[in-house]
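Position 153 of the sequence shown, counting from 1, maps to 162 under the numbering used here, and the rest follow consecutively. Glycine included, every Cβ here is placed at the ideal spot set by N, Cα and C. Single-structure report; data block below.
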Amino acid sequence: MIWIAFFSQTGSEIAKLSRILNRIPNLIVTNRHEHIVDISPYVKGLKTTIMYGNHDMLMKYLDNQTLYTPEDTLITLHGYLRILPPEICNKYEIYNGHPGAITMYPELKGKDPQVRAWEGSYSTVGSVVHRVTPGVDEGEVQSAVFADNTATTLDEMYGILTETSLKSWIQFMKEKLR
Numbered sequence: 010m011i012w013i014a015f016f017s018q019t020g021s022e023i024a025k026l027s028r029i030l031n032r033i034p035n036l037i038v039t040n041r042h043e044h045i046v047d048i049s050p051y052v053k054g055l056k057t058t059i060m061y062g063n064h065d066m067l068m069k070y071l072d073n074q075t076l077y078t079p080e081d082t083l084i085t086l087h088g089y090l091r092i093l094p095p096e097i098c099n100k101y102e103i104y105n106g107h108p109g110a111i112t113m114y115p116e117l118k119g120k121d122p123q124v125r126a127w128e129g130s131y132s133t134v135g136s137v138v139h140r141v142t143p144g145v146d147e148g149e150v151q152s153a154v155f156a157d158n159t160a161t162t163l164d165e166m167y168g169i170l171t172e173t174s175l176k177s178w179i180q181f182m183k184e185k186l187r
């Protein structure tokens, strides 16, 4: 199975997953080409290909590439802050990590679920991995990890959801990549 991992922020989740799973993505893709210095040094240190570009160029590459067959390719999104076009969603097996307990609280779908979970004072928080479909955060949930909300600050909320997200990805990837 070919693993392609996308990110828009630092990519640190991909680096952590790679270490824990002892598996490096075949290709890491980011639209952070303008802010390359912000990318996690652990991602830069992975022995794999990293592709940089704007979103439209990256989607065009995915649509036209011939190196990988869609049937043998797993694409994961780790804080990739762009919506994928329907033709890409339908062509590949794509999964997104979402730092919101959307199976319990559907209102946490969409942008900034961490802030909304903090402002909503939910007693339980969590993260999911779901299939990517043309509808935002609408795909079937494949893995979910929950925790008691012990956050006393927004930064603590981010920390809890970062941890539940990593655990959800580990649970999912161990099953998917075996």
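In the DSSP output, what is residue i paired with across the bridge?
i: Asp157; result: Thr133
i: Ser152; result: Val138
i: Thr39; result: Phe16, Tyr61
Tell me which residue opens and which closes the alpha helix (DSSP H) that residue i is part of.
i: Ile179; result: 163-185
i: Ile23; result: 21-30
Write down the C-beta distance between residue i and residue j rounded to the nearest angstrom, noting that I regard them as a contact closer than 8 Å.
i: Tyr70; j: Arg41; result: 16 Å between Cβ atoms; not a contact.
i: Leu86; j: Ile103; result: 7 Å
i: Lys118; j: Gly106; result: With a Cβ gap of about 13 Å, Lys118 and Gly106 do not count as contacting.
i: Ile200; j: Met68; result: Here the chain comprises residues numbered 10 to 187, so residue 200 is not present and cannot be evaluated.
i: Val141; j: Gly148; result: 6 Å
i: Leu186; j: Arg32; result: 6 Å
i: Phe16; j: Tyr89; result: 6 Å
Using three-state DSSP, classify residue i as helix, strand or coil.
i: Tyr104; result: strand
i: Ile11; result: strand
i: Val145; result: coil
Which residue marks the beginning of the beta strand (DSSP E) containing residue i, and which one marks its end?
i: Ile33; result: Element bounds for Ile33: n/a, residue is neither H nor E.
Every unbroken alpha helix (DSSP H) within the segment 61-132, with a cutoff of 4 residues, ordered by chain = Qualifying alpha helix (DSSP H) stretches, in chain order: 64-73, 95-100, 122-129.
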